[in-house]
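**Student:**
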Amino acid sequence: MKWRKTSSLALLCLFGASLLPIQARLNNDARAAHLRKTALNLNLRERIGQAGFLAALSGFRSPLAAILWIQAHTAWENTEWGRMAGTFDTVTTLQPRSILYWDMSAWHMAWNAAVAAMQNEKQPSEALRIRSQREYFRLGRDFLERGILNNPDSYQLYVQLGIVLRDKFEDHCGAADTFLKAAALPGAPSYCARFAGYEMAKCPGREREAYEHLRQLYLQGDKQRLPSLINLLRDMEKRLDIPQGERIDSSAHSDKT
Amino acid sequence: MKLLGVTIAVASNTFTELVRQKVFYFLMIFALLVIGNSAFMAKFSFQEQFQMLKDISLGAMSVFGSLIAILATANFLPKDMEDRTIYSILAKPVPRFSYLLGKLCGIFGLLAVSILLMSALFLAVLWIREGTVLNETRAQLQGATAEEIAAAVKEVTNATFNINLIPGIVVIFFKSALLASLTLFLSTFATSSIFTILMATALYFIGHLQSTAREYWLAGVDVHCWSRLLAALVSLLFPDLQAFNLTDDIIAGAAVPMTLFAGTIGLGLLYISVYFSLAALVFSDREL
């Protein structure tokens, strides 16, 4: 009996050794597909507590993230913005592949928390209110940038980042580049390319590039021929002094479609 | 052929015995969890609702699957010995190997039925919630163009059913089956069921850390030799349970490549067969 126990242990070790290359390959395949990227470190342990960390280690990352998300929602109802930011950080660390968590975290920070900071009646100094608001804008952008690093194939996060850059930072050049990246990703809706053109038109020094981009979209047909795109193109044709024959209203271009 | 008949008979008896022990009552708790969760989430956006429903349901499936695997397997050998049924079975021309295989197959059957029932319940709740959200969306979009309604409907359906949920559920079954096989191996040399349950639970946690220990060992970090030895032992002796945690990423919407899915199933089958063979090796010589 005893030798059987010993030999079974030895066999188990041999089996473990023979599995090493298979495990390494599976691990590499998972990393290549951007799976199992959660970093379970001491920093996370401090944030979620011992029981939470044990749950995360035992393969219950997603239920734990869901529970924390409910806590973040309660914090939102109580307008506890700081607690919300911390909880969002933990949720996105636990579930880095969830686009929804990155997107919603960024939205809460860049919109809700930023507006609340600006309307904070407890803070009499306007300068400090503006500073706090900018801090929340930055937090929103940060969530989206980290979300993109974890989900490089997601056009949704690029679109949201473009909107934050456009509406909150007034960085039209950055927004244009971000919308362009979104448009190049699989499944991206047609508005991504239009948004890129609109922002490029506001970016100093890139007016000609914007015009060419928008004109290409116009030539794609009715799907892209929205009133805002046509109006902007007409306006740019005047500003860039485009020859009459090359303008979108000329018969040559009308015929192409 | 005769051995196969014996194994099937033991498997069906084990399954019937487990069903009579009212194991399926846990489904009531699962149903309560899934339906309660679904009703409680009404204040969230539909994307959040579906995400959390999947998170909680698949997490609960994994917990219940693992619990059934460990508790049911740890109990059967001591129980058969206490009831003395093992003596009457093995006194007949039933090889010990067939007895063990039959028992394990019975537990696999129980796991498969449990996971199927939980999946059916989860998918039914998801489908009902999807229908409700779709009706609400259509009502809100009255007067909108057909294209806008189609886009909104597509957004709802994309957030609910995802074909990758099926591989996720299959992987949960294989993880539970692996745990059953490991617990069976432990129970062949354990003296009591409480020892087996405690050991299997400890191995469950260690198994989830195996990949970390393996990376630590293979990376050749400059630390004490005993520390590396410990990491090496953990890597070689324990199963890599983290490899079976694909559901976290599947719920988040990530697609699992077919090669990774097939590799994970293959790894599961390897673990199951090796733990069973070792269990048979130890049990063949055990004094009853």
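So the protein lines, in turn, are chains A and B.
Numbering-wise (this note's numbering), the first sequence opens with residue 835 and increments by one.
Numbering-wise (this note's numbering), the second sequence opens with residue 2 and increments by one.
We treat Cβ as the ideally placed atom computed from N, Cα and C, and that holds for glycine.
Output, in sequence order along the chain, the residues in the segment 922-935 of chain A whose CB is closer than 9 Å to any CB in chain B.
**Tutor:** Taking 9 Å as the Cβ-Cβ cut-off against chain B, the residues of the segment 922-935 of chain A that qualify are 928, 929, 930, 931, 932, 933, 934, 935.
**Student:** Closest Cβ-Cβ distance between residue 252 of chain B and chain A: below 8 Å?
**Tutor:** Translated into the one-based positions of the second sequence, residue 252 of chain B becomes position 251. By this cut-off, residue 252 of chain B is an interface position.
**Student:** Please give me, in chain order, every unbroken run of the alpha helix (DSSP H) with length at least 4 that falls completely inside the segment 87-142 of chain B.
**Tutor:** With a minimum length of 4 residues, the continuous alpha helix (DSSP H) runs that stay inside the segment 87-142 of chain B are 97-141.
**Student:** Rank B:12, B:57, B:237, B:85 by C-alpha distance to the C-alpha of residue 252 of chain B and give the top, closest one.
**Tutor:** Taking the first residue of the second sequence as 1, we reach residue 252 of chain B at position 251. Out of B:12, B:57, B:237, B:85, B:57 has the C-alpha closest to the C-alpha of residue 252 of chain B.
**Student:** With DSSP run on the structure shown, which of helix, strand or coil describes residue 1074 of chain A?
**Tutor:** Start at 1 with the first residue of the first sequence, and residue 1074 of chain A comes out as number 240. Residue state, collapsed to three classes: coil.
**Student:** Compute the beta-carbon to beta-carbon distance between residue 69 of chain B and residue 111 of chain B, rounded to the nearest angstrom, for a pair I have assumed lies under 8 Å.
**Tutor:** Position 68 of the second sequence, counted from the first residue, corresponds to residue 69 of chain B. Position 110 of the second sequence, counted from the first residue, corresponds to residue 111 of chain B. Rounded, the Cβ-Cβ distance is 7 Å, consistent with contact.
**Student:** DSSP three-state call for residue 853 of chain A: helix, strand or coil?
**Tutor:** The residue given as residue 853 of chain A occupies position 19 in the first sequence. Three-state DSSP puts residue 853 of chain A in a helix.
**Student:** Just to confirm, is the Cβ distance from residue 109 of chain B to residue 178 of chain B under 8 Å?
**Tutor:** Here residue 109 of chain B refers to the residue found at position 108 when the second sequence is read from its first residue. Here residue 178 of chain B refers to the residue found at position 177 when the second sequence is read from its first residue. Yes; because the gap between Cβ atoms is below 8 Å, this pair is in contact.
**Student:** Compute the Euclidean distance between the alpha carbons of residue 164 of chain B and residue 124 of chain B, then round it to the nearest angstrom.
**Tutor:** Stepping through the second sequence from its first residue, residue 164 of chain B is reached at position 163. Stepping through the second sequence from its first residue, residue 124 of chain B is reached at position 123. Rounded to whole angstroms, residue 164 of chain B to residue 124 of chain B spans 12 Å at the Cα level.
**Student:** Using 8 Å as the threshold, is the C-beta distance between residue 985 of chain A and residue 978 of chain A below it?
**Tutor:** Your numbering for residue 985 of chain A matches position 151 in the first sequence. Your numbering for residue 978 of chain A matches position 144 in the first sequence. It is not a contact, given that the beta carbons lie outside the stated cut-off.
**Student:** If contact means a Cβ-Cβ distance below 8 Å, which residues of the segment 903-915 of chain A contact chain B?
**Tutor:** Here the close residues are 903, 904, 907.
**Student:** Any beta-carbon of chain A closer than 8 Å to the one on residue 175 of chain B?
**Tutor:** Translated into the one-based positions of the second sequence, residue 175 of chain B becomes position 174. Not an interface residue.
**Student:** Rounded to a whole number of angstroms, what is the C-alpha to C-alpha distance between residue 44 of chain B and residue 5 of chain B?
**Tutor:** Translated into the one-based positions of the second sequence, residue 44 of chain B becomes position 43. Translated into the one-based positions of the second sequence, residue 5 of chain B becomes position 4. Between residue 44 of chain B and residue 5 of chain B, the C-alpha separation is close to 55 Å.
**Student:** Here's a check: name, in chain order, each residue in its chain whose Cβ is nearer than 6 Å to the Cβ of residue 845 of chain A, leaving out the five neighbours to either side.
**Tutor:** Within the first sequence, the letter at position 11 stands for residue 845 of chain A. For residue 845 of chain A, where only same-chain residues beyond five positions count, there are no Cβ hits under 6 Å.
**Student:** At what residue ranges does the segment 923-1010 of chain A contain a whole run of the alpha helix (DSSP H), taking only runs of 4 or more?
**Tutor:** Correct list: 933-941, 948-952, 960-984, 989-1001.
**Student:** Find the nearest neighbour of residue 120 of chain B within the set B:157, B:270, B:31, B:181, judged by alpha-carbon distance.
**Tutor:** Position 119 of the second sequence, counted from the start, is the residue given in the question as residue 120 of chain B. The shortest Cα separation from residue 120 of chain B among B:157, B:270, B:31, B:181 belongs to B:31.
**Student:** State the start and end residues of the unbroken alpha helix (DSSP H) segment that holds residue 208 of chain B.
**Tutor:** Within the second sequence, residue 208 of chain B is the residue found at index 207, counting from 1. Looking at the DSSP string, the run of the alpha helix (DSSP H) that includes residue 208 of chain B is 194-219.
**Student:** Run through chain B and tell me which residues come within less than 9 Å of residue 868 of chain A, C-beta to C-beta.
**Tutor:** Residue 868 of chain A sits at position 34 when you count from the first residue of the first sequence. By Cβ distance, chain B contributes 250, 255.
**Student:** Can you give me the Cβ contacts of residue 39 of chain B inside the same chain, cut-off strictly under 7 Å, excluding the 5 residues immediately before and after it?
**Tutor:** Translated into positions along the second sequence, residue 39 of chain B becomes position 38. Same-chain partners within the cutoff: 54, 126, 130.
**Student:** So, does the CB of residue 53 of chain B fall closer than 8 Å to a CB anywhere in chain A?
**Tutor:** As a first step, residue 53 of chain B is located in the second sequence; it is residue number 52 there, counting from the start. Answer yes: the Cβ-Cβ gap between residue 53 of chain B and chain A drops below 8 Å somewhere.
**Student:** On a CA-only basis, which of A:1027, A:1021, A:1020 is nearest residue 1012 of chain A? Give me that one, please.
**Tutor:** Start at 1 with the first residue of the first sequence, and residue 1012 of chain A comes out as number 178. The option with the nearest alpha carbon to residue 1012 of chain A is A:1027.
**Student:** Against chain B, with Cβ distances strictly below 8 Å, would residue 856 of chain A count as a contact?
**Tutor:** Residue mapping note: residue 856 of chain A aligns to position 22 of the first sequence, counting from 1. Answer yes: the Cβ-Cβ gap between residue 856 of chain A and chain B drops below 8 Å somewhere.
**Student:** Anything in chain B within Cβ reach of residue 846 of chain A, meaning under 7 Å, just list it in chain order.
**Tutor:** Within the first sequence, the letter at position 12 stands for residue 846 of chain A. Within 7 Å Cβ-Cβ: 238, 279.
**Student:** So is residue 1001 of chain A buried or exposed if we call it buried at 16+ other beta carbons inside 10 Å?
**Tutor:** One-based indexing of the first sequence puts residue 1001 of chain A at position 167. Flag for residue 1001 of chain A reads exposed.
**Student:** Can you have a look at residue 1095 of chain A and say buried or exposed, based on whether 16 or more other CB atoms are within 10 angstroms of its CB?
**Tutor:** This structure does not reach residue 1095 of chain A, given that chain A is present from 835 up to 1091, and the question cannot be answered.
**Student:** Can you find the residues in the same chain that come closer than 7 Å, C-beta to C-beta, to residue 118 of chain B, ignoring five residues on each side of it along the sequence?
**Tutor:** Taking the second sequence and counting its residues from 1, the one referred to as residue 118 of chain B is at position 117. Closer than 7 Å at Cβ, skipping near neighbours: 28.
**Student:** Would you say residue 976 of chain A lies against chain B (beta-carbon separation less than 8 Å)?
**Tutor:** As a working mapping, residue 976 of chain A is identified with position 142 in the first sequence. It does not; no Cβ of chain B falls within 8 Å.
**Student:** DSSP three-state label for residue 886 of chain A, please.
**Tutor:** Translated into the one-based positions of the first sequence, residue 886 of chain A becomes position 52. Of the three classes helix, strand and coil, the one that applies to residue 886 of chain A here is helix, per DSSP.
**Student:** Rounded to whole angstroms, what is the Cα-Cα separation between residue 879 of chain A and residue 929 of chain A?
**Tutor:** Your numbering for residue 879 of chain A matches position 45 in the first sequence. Your numbering for residue 929 of chain A matches position 95 in the first sequence. The straight-line gap from Cα to Cα measures roughly 15 Å.
**Student:** Determine contact between the segment 130-139 of chain B and the segment 150-169 of chain B, defined as no fewer than three beta-carbon pairs at a distance below 8 Å.
**Tutor:** Yes, since at least three Cβ pairs between the segment 130-139 of chain B and the segment 150-169 of chain B fall closer than 8 Å, the two stretches touch.
**Student:** To the nearest angstrom, how far is it from the Cα of residue 203 of chain B to the Cα of residue 98 of chain B?
**Tutor:** Counting from 1 along the second sequence, the entry for residue 203 of chain B is found at position 202. Counting from 1 along the second sequence, the entry for residue 98 of chain B is found at position 97. Roughly 27 Å between the two C-alpha positions.
**Student:** The alpha helix (DSSP H) with residue 155 of chain B in it runs from where to where?
**Tutor:** The residue labelled residue 155 of chain B in the question sits at position 154 within the second sequence. Looking at the DSSP string, the run of the alpha helix (DSSP H) that includes residue 155 of chain B is 147-161.
**Student:** Would you identify the three-state DSSP class for residue 168 of chain B, choosing helix, strand or coil?
**Tutor:** Working through the second sequence from its first residue, we reach residue 168 of chain B at position 167. Reduced to three states, the DSSP call for residue 168 of chain B is helix.
**Student:** Spell out a yes or no on whether the segment 853-870 of chain A and the segment 252-268 of chain B are touching, meaning 3 or more CB-CB pairs, one atom from each, closer than 8 Å.
**Tutor:** Contact between the segment 853-870 of chain A and the segment 252-268 of chain B is present, because at least three Cβ pairs lie under 8 Å.
**Student:** Which of the residues in the segment 1035-1063 of chain A, read from start to end, lie with their CB under 8 Å from any CB of chain B?
**Tutor:** Listed by position, the residues of the segment 1035-1063 of chain A near chain B (Cβ gap below 8 Å) amount to none.
**Student:** List, in order along the chain, the chain B residues whose C-beta lies closer than 7 Å to that of residue 897 of chain A?
**Tutor:** Counting from 1 along the first sequence, the entry for residue 897 of chain A is found at position 63. Within 7 Å Cβ-Cβ: 56, 57, 60.
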